[in-house]
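Undergrad: Those letters in the sequence shown? Residues -24 to -1, 1 to 244, per mature numbering (1 follows the signal peptide of the UniProt record, and there is no 0), in order. The beta carbon of each residue, even a glycine, is placed where N, CA and C say it ideally should be. Being a predicted model, the structure only gives us computed values, none of them experimental.
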Amino acid sequence: MKKTVGIKFLTLALIMTIVFSFSACGNKTSTNNNSKSSSSSGKVTIKLADTYTGSDSKAPYFQAELKKFMAEHPEINLVQETASGDELRNKIKVELAANNLPDVFTYWGGSILKPLVVDKKVLNIDEYLKVSKSLKKSDFSDGAWAFYTYNGVPYGIPTEGYVSALVANKKLFAEYNLQYPKTEEDLLNVAKVFNQHGIVPLAVGSKGGNPSHFYFSELYNQLPNGTQEIEDLTSSYKFNTANALKVAQIIDEQRKAGVFHERYCSKW
C-alpha cells in the first residue's frame, strides 16, 4: 500500500462568481405553489442557487449574511437552493434547458459562463454597479473581473479568490535525505526515490479533470508568455498553443515517471 505523499499540491483560482439571470429583472410565470403564496402576500420572491452547503467551510459565514439580508428586507422572500461543485453546474444546465434559471446564482467564469452570455441569459453587471451603494468595480482588481468579462462587459461579481502552494512532508524528505525539488529534473529524481519506498510523490488528482486543471495552469504560467496567454483565454478562446502542448507533454512525462498516484484519474 502506498504511504503518505511526499508533496501535496494545494491550489484554487478565482473561479466563483455571483451571476444575475434575466429572470431577476422581469416577470416570470411560475407553477410553484410557494412562489404563488409569496406573490399573494405582496413579497417579491428571489431564487438563489449557490455552492455554500453545510460541508463548505464558508457556508456559516454566507448563511449569516443571508439571515442579515432577510432581516433587513422583509419585503423579499429569498428561496435558497444549494448544491456542491459540479452538482450545481449540472443543476444550472438543466434549469437553463428548462428556461427556469435561478434569479441569482454562483457559477464559474471563462468558457463555462460564456454560453449563458451568448444566449443572453445573464445580466450586464455594469448596470448594477452604476446604482449600487455597497459595491464598486474598483473593489476588485482588473484580473478578478477579467474571468467574467466578455467584449468589455462584466457578467458576474467575483466572490472567491485563492492562492496555490506546494506543501512538502518535511519528515519524509529528511528521512530519505532529499532536497525540495527546484526544477523538473529534481522532481523526477525525488519521485524515483519516493516510488522505491512505496510513497506517492505528488498528490494531484484528476477525477473529471478536477483539480488537475489548476496544476496544468500553474505549469503553464511558468512558460514564456504563459501568463499572458492564460489571461487572453477569456477573449481569444485559443488553447491550441505551443505552451499548452508543452505542458501536456510535461505532465505525461511525470505520469510515466510515477510522479502521480496510479489511480490519478479516479481521485480528486
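Reducing DSSP to helix, strand and coil, say where Asp32 ends up.
TA: Taking the first residue of the sequence shown as position 1, residue 32 is located at position 56. The answer is coil: DSSP assigns Asp32 none of H, G, I, E or B.
Undergrad: Determine the DSSP secondary structure at Tyr124, reduced to helix, strand or coil.
TA: As a working mapping, residue 124 is identified with position 148 in the sequence shown. In this structure, Tyr124 counts as coil in the three-state DSSP scheme.
Undergrad: The beta strand (DSSP E) spanning Ile88 covers which residue range?
TA: Taking the sequence shown and counting its residues from 1, one reaches residue 88 at position 112. Note, Ile88: premise wrong, no beta strand (DSSP E); alpha helix (DSSP H) at 86 to 94.
Undergrad: Based on DSSP bridge pairs, tell me the residues matched to Tyr104.
TA: The sequence position of residue 104 within the sequence shown is 128, counting from 1. None, per the DSSP bridge assignment.
Undergrad: Mind checking whether Ile88 and Leu77 have CB atoms under 9 Å apart?
TA: For the purposes of this step, residue 88 is taken as residue 112 along the sequence shown, with counting starting at 1. For the purposes of this step, residue 77 is taken as residue 101 along the sequence shown, with counting starting at 1. Against a cut-off of 9 Å, the Cβ pair of Leu77 and Ile88 comes out as no contact.
Undergrad: Do the segment 165 to 180 and the segment 147 to 154 make contact, defined as three or more Cβ pairs closer than 8 Å?
TA: As far as the Cβ criterion goes, the segment 165 to 180 touches the segment 147 to 154, which means the pair count is three or higher.
Undergrad: Starting from the Cα of Arg65, find the closest Cα among Lys96, Pro91, Glu238 and give me that residue.
TA: Start at 1 with the first residue of the sequence shown, and residue 65 comes out as number 89. For the residues Lys96, Pro91, Glu238, the minimum Cα distance to Arg65 belongs to Pro91.
Undergrad: Once you ignore the five residues that flank Phe215 on each side, which residues in its own chain have a CB closer than 8 Å to its CB?
TA: Taking the first residue of the sequence shown as 1, we reach residue 215 at position 239. Contacts found: Leu209.
Undergrad: With distances taken Cα to Cα, identify the nearest neighbour of Arg239 among Ser182, Ile175, Tyr213, Lys97.
TA: For this step, residue 239 is matched to residue 263 along the sequence shown. Comparing Cα positions, the closest option is Ser182.
Undergrad: With respect to the beta strand (DSSP E) encompassing Ile52, which residues constitute its N-terminal and C-terminal limits?
TA: Residue mapping note: residue 52 aligns to position 76 of the sequence shown, counting from 1. Element bounds for Ile52: 52 to 58.
Undergrad: In the segment 142 to 191, which residue ranges form an unbroken alpha helix (DSSP H) of at least 4 residues, counting only runs that do not cross its ends?
TA: Listed in chain order, they are 146 to 151, 160 to 172.
Undergrad: Beta carbon of Lys101, beta carbon of Tyr124: below 9 Å?
TA: Start at 1 with the first residue of the sequence shown, and residue 101 comes out as number 125. Start at 1 with the first residue of the sequence shown, and residue 124 comes out as number 148. Before going on, a small fix: residue 101 reads as Ile here, not Lys. Contact: yes.
Undergrad: CA-CA distance, residue 245 and Val139?
TA: With the chain running from -24 to 244 in the structure shown, residue 245 is simply not present.
Undergrad: Name the DSSP beta bridge partners of Asp115, please?
TA: In the sequence shown, the residue the question calls residue 115 occupies position 139. Partner(s): none; Asp115 has no beta bridge.
Undergrad: Does the beta-carbon distance from Ala59 to Ala35 come in below 9 Å?
TA: One-based indexing of the sequence shown puts residue 59 at position 83. One-based indexing of the sequence shown puts residue 35 at position 59. Not a contact, by the Cβ cut-off of 9 Å.
Undergrad: Whose C-alpha, out of Leu72, Leu178, Asn171, Lys112, is nearest the C-alpha of Leu143?
TA: Here residue 143 corresponds to residue number 167 of the sequence shown, with the count starting at 1. Before going on, a small fix: residue 143 reads as Val here, not Leu. It is Leu178.
Undergrad: Assign Val94 to one of two classes, buried (16 or more other C-beta atoms within 10 Å of its C-beta) or exposed (fewer than that).
TA: Sequence index remark: in the sequence shown, residue 94 carries index 118 (1-based). With fewer than 16 other Cβ atoms within 10 Å, it is exposed.
Undergrad: Can you pull the DSSP bridge partners for Tyr83?
TA: Here residue 83 refers to the residue found at position 107 when the sequence shown is read from its first residue. Its beta-bridge partners are Thr(-8).
Undergrad: Please report the distance separating the alpha-carbon of Asn171 from that of Gly234.
TA: Locating residue 171 in the sequence shown gives position 195, where the first residue counts as 1. Locating residue 234 in the sequence shown gives position 258, where the first residue counts as 1. Approximately 7 Å, taken between the alpha carbons.
Undergrad: Candidates His237, Ser211, Ser193: which alpha carbon is nearest Lys222's?
TA: In the sequence shown, the residue the question calls residue 222 occupies position 246. Looking at the Cα atoms, Ser193 is the closest of the given residues.
Undergrad: Under a three-way DSSP split, which group does Ala25 fall into?
TA: Translated into positions along the sequence shown, residue 25 becomes position 49. In the structure shown, Ala25 sits in a strand (DSSP, three-state: E or B).
Undergrad: Comparing C-alpha positions only, which one of Lys23, Ser31, Thr29 sits nearest to Glu71?
TA: Translated into positions along the sequence shown, residue 71 becomes position 95. With distances taken between Cα atoms, Glu71 lies closest to Lys23.
Undergrad: Which same chain residues, not among the five before or five after Pro130, have their C-beta less than 7 Å away from its C-beta?
TA: Against the sequence shown, residue 130 aligns to sequence position 154. Answer for Pro130: Ile101, Asp102, Trp121, Tyr124, listed in chain order.
Undergrad: Label Glu57 either buried or exposed according to how many other C-beta atoms from any shown protein chain fall within 10 Å of its C-beta, with 16 as the threshold for buried.
TA: Start at 1 with the first residue of the sequence shown, and residue 57 comes out as number 81. Exposed, because fewer than 16 other Cβ atoms sit within 10 Å of the Cβ of Glu57.
Undergrad: Would Leu105 pass as a contact of Lys96 if the rule is Cβ separation under 9 Å?
TA: As a position in the sequence shown, residue 105 is number 129, starting the count at 1. As a position in the sequence shown, residue 96 is number 120, starting the count at 1. Cβ atoms of Leu105 and Lys96: not closer than 9 Å.
Undergrad: Counting along the chain, where does the alpha helix (DSSP H) carrying Asn219 start and finish?
TA: Residue 219 sits at position 243 when you count from the first residue of the sequence shown. Start and end: 218 to 232.
Undergrad: Going by beta-carbon coordinates alone, are Ile(-7) and Gly86 separated by less than 9 Å?
TA: The residue labelled residue -7 in the question sits at position 18 within the sequence shown. The residue labelled residue 86 in the question sits at position 110 within the sequence shown. Taking 9 Å as the Cβ cut-off, Ile(-7) and Gly86 do not qualify as a contacting pair.
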